[in-house]
Every structure is written in structure tokens, then in C-alpha cells.
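S.K.: Take any residue in the sequence shown, count from 1 to its spot, add 3: that is its number in our numbering.
If you scroll down you'll find the structure; I have some questions about it.
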Amino acid sequence: MKYNNALVTGGAGFIGSHLVDRLVEDGLAVTVIDNLQAGKLENLEDARDKITFVKGDVKDVELLKRILQGIDIVFILGANASVPYSVENPRYDFETNALGTFNVLEASINSDVKKVVYASSAAVYGEPEYTPMDEKHPMHPISPYGASKLAGETTGMAFKETYGLNFASIRIFNTYGPRQPRYVMYDFIMKLRKNQKKLNVLGTGEQVRDYCYVSDMVDAFMLVAEKGDDIYNAAGGVPTSIRELAELMVSEISPGAEIQYGGKTWKGDINTLIADITKLKNLGFAPKVDLRNGVKRMIEWFEEKN
4 MKYNNALVTG GAGFIGSHLV DRLVEDGLAV TVIDNLQAGK LENLEDARDK
54 ITFVKGDVKD VELLKRILQG IDIVFILGAN ASVPYSVENP RYDFETNALG
104 TFNVLEASIN SDVKKVVYAS SAAVYGEPEY TPMDEKHPMH PISPYGASKL
154 AGETTGMAFK ETYGLNFASI RIFNTYGPRQ PRYVMYDFIM KLRKNQKKLN
204 VLGTGEQVRD YCYVSDMVDA FMLVAEKGDD IYNAAGGVPT SIRELAELMV
254 SEISPGAEIQ YGGKTWKGDI NTLIADITKL KNLGFAPKVD LRNGVKRMIE
304 WFEEKN
């Protein structure tokens, strides 16, 4: 990579920590800022002695100004990443995701930062008007989380136009793998460990997601950091229903377990998320881990760690 010094906000989180590992592996000097509300220091155990860790918050403007000195590239992953939490705590969600991103962007243009890569979300789209959704799909977020992530993204694009900030955004679709602390696969694993005979599933099972293994998502971040200058969807490219996912995970963890569907899900949950990743593929993106192998790796990690 052409950059030497990186800052990762939210670097103790799920995707953030994997990105930190890759940046360290590539020889960058890495600074991580994380308030540890959702992130965990144990996620950084492999890189802990090779990075600078700052326990802090993206809402702390003066702290951001200090730690951005000498930074070449910033990866913004610090955020509330839970849709249900955003519904229950919309102010916290907005202050962290929208205002926190504004703080990082403002501090970046006042420093010598050469590039900012922003972790956006498929939640900015809301329910699809067509699938697969490309980056030109209308944006109609149906949760506070989706709205706050969109606010951060549009602010970054505005700073690019106004101040010449080198800014790119990745709209993350469902990502899974080791260190994942929540969401459907984590939920299935935990439920099947408690009851090997039955799996209760939120919703009807017909919800569709476009799952991406975490190492492939990190590939997307590294690629956009190196070559990207726009907004890109990042996903695995193989849409899968929750029903298919449940059957796959049951077959791997507890064959023969009964699957029951509750019919209801949480507020703000989008039914169908299928990405058009042509734009990212044109940069050179090619997912390497298929769903079955990714699920096996995730299960093995949970068995080892829990």
C-alpha cells in the first residue's frame, strides 16, 4: 500500500480488527481509536504490541485532532452498528455515526490526511425498488441506523466536493466470520449451542441477504484504499435466504434439529438485500470464501474461543 500511517476508528470491532490485522501485516504503522462499547481489546490480541491503541470516542474533537497528526489514511469504522440499538437509542446512534463521522472528516481536512475510507452500509437503501441494487439505487433508509450512516456518507462526499478531501465509501452488506458479536449467524450458533434439537428463527425465513466473509470484506477495504475514489457496494455476490442459511448452519452444527420460524422480526429490518458489486469488481474485487466454507470457519472459531 502507498500509505505508511493509518488510523482505524472502531478498530477493536469485528470488521475493524480484521482490517487492523491486515494493515499491520502489510507493514503500516497503525493507530486504533475505539471506545470499547462494542469493540473488544481481545479482538486486537494478535496486533496489540504492533499498534498504538487509544481508548477514546469519535465525539471527542480535541482527541481526534491530536491522534490524526502524521496519519496518511483514515478508515472510519467507529459506529453504532446495530439496527435494533439505533431504534432504541436514536440520539446515540446519530451522534456517533453522523456527528462522529463529521468530526473525523473535519479533523482530516485540517491535518495532512491523504485519504479517508468510510464504512457505509447497505441500510442506506432501505427496501429495494429493484435487485440487485447498484450504487445508483434510490436511498430510503428505514431505520435510524441507515439514516445516520447515509448522513456520514453524504457529508464525506460533500467534503470531497467542497474541500478536495480524497474520500471513498464502501456500502457494506452482511459480513460474517470470526469475532462477530451479533447478527443472524452468531444468533444461530448461540441458539444451537443451548438447544441442539430446535432452532427458533426470527421472521419467515424468506428474508434474503448477500453474505460476505470478513477477509473478503477486508480485501474490499484494501482495494478501495489503494484504487477507489467513489462509492462501492461490497458483498459476497451470492444472495441467500435466511431459510437456506438456517438449514446450512443446522447441518453443520446439529443435523436434524427442527427449525421454527417466528414470523416477526425487529423494526427497521430490511427484507431483501442483494448487491450489484460490478463497480467493485471493476477495481479487482473477487470474493474468495464461499458461504459453506465461511460458515465452517466461523463455527470452528466459536468452538475454539467459547
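Cβ atoms here follow ideal geometry from the backbone N, Cα and C, with glycine treated the same way.
Is the CB-CB distance between Lys152 and Ser123 below 9 Å?
M.R.: Yes, these two residues count as a Cβ contact at 9 Å.
S.K.: For the beta strand (DSSP E) containing Tyr235, name the first residue and the last one.
M.R.: Start and end: 234-237.
S.K.: Buried or exposed: where does Val119 fall if 16 or more other Cβ atoms within 10 Å of its Cβ makes it buried?
M.R.: Flag for Val119 reads buried.
S.K.: How far does the beta strand (DSSP E) with Val211 in it reach, from first residue to last?
M.R.: Run containing Val211: 211-213, per the beta strand (DSSP E) assignment.
S.K.: Pull up the CB-CB distance for Ser111 and Ser146, whole angstroms please, since I reckon it's below 8 Å.
M.R.: That pair is no contact at about 27 Å.
S.K.: Please report the residue range of the beta strand (DSSP E) in which Ser123 lies.
M.R.: 118-124 is the span of the beta strand (DSSP E), which, as asked, contains Ser123.
S.K.: Considering Tyr95, what are the terminal residues of the alpha helix (DSSP H) in which it resides?
M.R.: Tyr95 -> alpha helix (DSSP H) spans 93-97.
S.K.: Between the stretch 253-262 and the stretch 201-208, are three or more C-beta pairs nearer than 8 Å?
M.R.: Touching, yes, given that three or more Cβ pairs across the two stretches are closer than 8 Å.
S.K.: Can you tell me whether Pro144 is buried or exposed? The criterion is at least 16 other CB atoms within 10 Å of its CB, across all chains shown.
M.R.: So Pro144 counts as buried.
S.K.: Below 8 Å on the Cβ atoms is my guess for Ile277 versus Thr134; work out the distance and round it to an integer in Å.
M.R.: Yes, Ile277 and Thr134 are in contact; Cβ-Cβ is about 4 Å, under 8 Å.
S.K.: Can you tell me where the alpha helix (DSSP H) holding Asp24 begins and where it ends?
M.R.: Looking at the DSSP string, the run of the alpha helix (DSSP H) that includes Asp24 is 17-28.
S.K.: State the DSSP-derived secondary structure class of Ile74, mapped to helix, strand or coil.
M.R.: DSSP places Ile74 in coil when its eight states are reduced to three.
S.K.: Using the three-state DSSP reduction, which class does Lys282 fall into: helix, strand or coil?
M.R.: The answer is helix: DSSP assigns Lys282 an H, G or I state.
S.K.: Distance, Cα to Cα, Gly240 vs Lys291?
M.R.: Between Gly240 and Lys291, the C-alpha separation is close to 11 Å.
S.K.: Given Leu66, which residues of its chain have a CB within under 6 Å of its CB, disregarding the five upstream and five downstream residues?
M.R.: Closer than 6 Å at the Cβ level, and outside the excluded window around Leu66, lie Gly59.
S.K.: Give a yes or no on whether the C-beta atoms belonging to Val77 and Val33 are separated by under 9 Å.
M.R.: No, they are not a contact pair.
S.K.: Would you report the Cα separation of Asn92 and Tyr148, rounded to the nearest angstrom?
M.R.: Rounded to the nearest angstrom, the two C-alpha atoms are 10 Å apart.
S.K.: Between which two residues does the beta strand (DSSP E) harbouring Asn8 extend?
M.R.: Where Asn8 is concerned, the enclosing beta strand (DSSP E) stretches over 8-12.
S.K.: Going by C-alpha to C-alpha distance, which of Gly30, Thr275, Gly19, Asp96 sits closest to Asp37?
M.R.: Asp37 has its Cα closest to that of Gly19, out of Gly30, Thr275, Gly19, Asp96.
S.K.: Going by C-alpha distance, which of Met301, Met220, Thr99, Leu251 is nearest Lys284?
M.R.: Among Met301, Met220, Thr99, Leu251, the Cα nearest to that of Lys284 belongs to Met220.
S.K.: Find the nearest neighbour of Pro184 within the set Val217, Ser172, Thr104, Ser244, judged by alpha-carbon distance.
M.R.: Measuring from the Cα of Pro184, the nearest candidate turns out to be Val217.
S.K.: Beta carbon of Ile54, beta carbon of Val23: below 9 Å?
M.R.: Contact flag set, yes.
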